[in-house]
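Residue numbers (our numbering): 75 to 237.
Backbone N, C-alpha and C fix where the C-beta goes; we use that ideal spot for every residue, glycine too.
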């Protein structure tokens with residue numbers, strides 16, 4: 075009987091702890107979506123904080139040097155909207171347009187053609203794959219703007235940082 079009492083107390087504690095944990099996450103504000111505009115994109119640089127393949131594995135090629143994350147710099151260049159991909163071995167960039175809240179890279183991504191050593195060459199290749207997809211903007215629980223790029227193969231998250 076004493077063992078049964080111990081088991082019941084442990085079960086009660088476990089259920090209580092689980093419920094408390096659920097309440098904690100339930101009280102966090104959900105990410106708030108916001109429309110994509112050039113003004114919002116150009117107000118910040120966007121630093122990669124996470125990228126996962128569709129199977130859940132981290133895109134490790136993008137994280138070989140934590141001091142130089144892939145960063146997107148949206149700008150207006152003589153009346154044209156452009157985005158530069160920072161910290162790549164080759165200089166890379168593209169034009170972009172926004173229609174109906176959707177960002178589209180215009181044409182090809184342009185790049186210098188330096189023969190980069192590994193792991194920089196793999197970083198450049200992974201960066202090109204990462205910027206292709208559906209862009210969305212939201213704010214996290216700490217009210218930091220987050221740019222998400224999702225395609226069939228991966229999802230990447232970029233936080234807003236000061237220019």
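- Within the same chain, Cβ atoms closer than 8 angstroms to the Cβ of residue 111 are found at 172, the five residues on either side in sequence being excluded.
- C-alpha of residue 129 to C-alpha of residue 203: approximately 16 angstroms in a straight line.
- With the rule of 3 Cβ pairs closer than 8 angstroms, the stretch 182-192 counts as touching the stretch 154-168.
- Across the structure, residue 144 and residue 136 are spaced so that their CA atoms are roughly 7 angstroms apart.
- Put simply, the stretch 222-234 touches the stretch 113-132. At least three CB pairs are less than 8 angstroms apart.
- Residue 156 is bridged by DSSP to 149 and 169.
- If you compare the alpha carbons of 139, 177 and 150 with that of residue 195, the shortest gap goes to 139.
- Assignment of beta-bridge partners to residue 179 by DSSP yields 170.
- In the displayed model, residue 236 falls within coil according to three-state DSSP, outside both helix and strand.
- Shown here for residue 236: same chain residues with a beta carbon closer than 8 angstroms to its own, the five before and five after excluded, namely 118 and 119 in chain order.
- In the structure shown, residue 212 adopts extended strand secondary structure according to DSSP, grouped into three states.
- The beta-carbon distance between residue 116 and residue 213, rounded to whole angstroms, is 17 angstroms. This is too long to meet the 8 angstroms contact definition.
- Residue 113 is classed as exposed because its beta carbon has fewer than 16 other beta carbons within 10 Å across all chains shown.
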